[in-house]
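In this note's numbering, the protein residues as written are -8 to 163.
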């Protein structure tokens, strides 16, 4: 099952039963081989393993478990833009909008050039009904480069459209 599909919020019950069975088996094997402190035999403690296990939990519909593993992975090392986005997406899937907003705001303050995080924060603001804050994220970038077409497109689709401001969405 592609990661994008499970991150989209699809109901795990809509996935083929064999995909869920394979995910459960893979998760069992990962856990058997995990670090001794995690109850395994100590074979796996490499970067990315926790994220893979989180993805398998998402296939099974276990979002809280996936979030815990992604948080553990972030605590183990330097956060990447993709890791932050994955964690925020899992939070948003669980309707933890404020928690996602805090995480994304903190990371964007440290990494203002992270466009994926900016886009996900805009989405969190929209979910919270804070359309003015979502708009400001993109307007700040336009003030630096007014001719940036990608920023204009994000402003139209990610903010104005979600806020129901169709005339402004078409004008961008």
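Cβ atoms here follow ideal geometry from the backbone N, Cα and C, with glycine treated the same way.
The Cβ neighbour count for residue 144, taken over all protein chains shown within 10 Å, is under 16; the residue is labelled exposed. For residue -3, the closest alpha carbon among the candidates 49, 8, 71 is that of 49. Distances from the alpha-carbon of residue 55 to those of 77, 72, 81 put 81 closest.
Counting of Cβ neighbours within 10 angstroms places residue 98 among the buried residues, the total reaching 16 or more. The three-state reading of DSSP puts residue 25 in strand, counting E and B together.
Around the beta carbon of residue 9, fewer than 16 other beta carbons sit within 10 angstroms, so the residue counts as exposed. About 5 Å separates the Cβ atoms of residue 41 and residue 60, confirming a contact at the 8 Å cut-off. Pairing residue 52 with residue 129, the inter-Cα distance amounts to about 33 Å. Under the three-state reduction of DSSP output, residue 136 falls in the coil class, being neither helix nor strand. Shown here for residue 14: same chain residues with a beta carbon closer than 6 Å to its own, the five before and five after excluded, namely 47, 50, 51 in chain order.
Spatial neighbours of residue 43 in its own chain (CB-CB distance under 8 Å, excluding positions within 5 residues in sequence) are listed in chain order as 21. Residues of the same chain with a CB within less than 8 Å of the CB of residue 73, apart from the 5 flanking positions on each side, are 107 in chain order. Separation of residue 5 and residue -8 (C-alpha to C-alpha, rounded to the nearest whole angstrom) is 11 Å. For residue 76, the enclosing alpha helix (DSSP H) begins and ends at 72 to 84.
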